[in-house]
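In this note's numbering, the protein residues as written are 206 to 446. Where is the CB? At the ideal position from N, CA and C, for every residue including glycine. The model shown is predicted, which means the values in this text are computed figures rather than measured ones. I have placed the structure first, in the form of structure tokens, so that the comments after it can refer back to it.
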């Protein structure tokens, strides 16, 4: 017997390709935020390092003019810069200059702005994330969870997300004509197909086609036709005829 394709597998594929994090605010409103992966976060960190170094060099040049007293002020300034840079910008601005340049911001897991305690915790554990070198622990931690949270984020309950207007996650893609499946789908399979259609607006068309082609035995098509039929299958599963 020919093995039929399981539409429920589509949801697992969507979860791997989609970095959207669904959060519920204290007011009970469900929002969708796009979690930032390691690459944009690394670029943002690099920009921040360059800015911190520039500030440190300028500050040191000014303090050495004070002689012996200036050396103590240099050390004090380095300490304040290493601890206060991320803390102040994240709490007061929502993002460091590097993150803002990359279109990122830091929020709590419920989508609300970070507090002094939240930012303090995530940056205190930054030193653990740096181990053994080059953010080894932080990178491993990011890659082990779907929200790309490093150790500091997990402890503080924070997320680094792409900036932009948050949206409710259940916005449907453009309607397609209902497409009847060649065989009966289970309720779980119908729910999986409907979930895909409701999230399609946040997935690039190319990705939608890639996912739709996983169900070629069901849809009997590839490419754009497969994507259209999958959306039509979702319409059929919702009872549209």
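- [ ] Locate the alpha helix (DSSP H) running through residue 363, then write down its first and last residues.
- [x] Element bounds for residue 363: not the alpha helix (DSSP H) but the beta strand (DSSP E), 363 to 367.
Task: Rounded separation between residue 319 and residue 344 - CA only - done: 22 Å
- [ ] Give the C-beta separation of residue 309 and residue 246 to the nearest angstrom, bearing in mind that I take them to be a contact with Cβ-Cβ under 8 Å.
- [x] That pair is a contact at about 7 Å.
Task: Euclidean distance between Cα positions of residue 441 and residue 238 - done: 29 Å
Task: CB-CB length for residue 268 against residue 282, believed under 8 Å - done: 7 Å
Task: Buried or exposed (CB count within 10 angstroms, at least 16 for buried), residue 363 - done: buried
Task: Host beta strand (DSSP E) of residue 313 (start-end) - done: 309 to 313
- [ ] Specify the secondary structure class of residue 330 as computed by DSSP and reduced to three states.
- [x] coil
TODO: Please report the residue range of the alpha helix (DSSP H) in which residue 264 lies.
DONE: In this chain, the alpha helix (DSSP H) harbouring residue 264 covers 243 to 268.
Open item on the list: For a test of the three-state rule: what should DSSP assign to residue 387, helix, strand or coil?
Closed with: coil
- [ ] Return helix, strand or coil for residue 345, following the three-state DSSP convention.
- [x] helix
Task: Three-state secondary structure assigned by DSSP to residue 240 - done: strand
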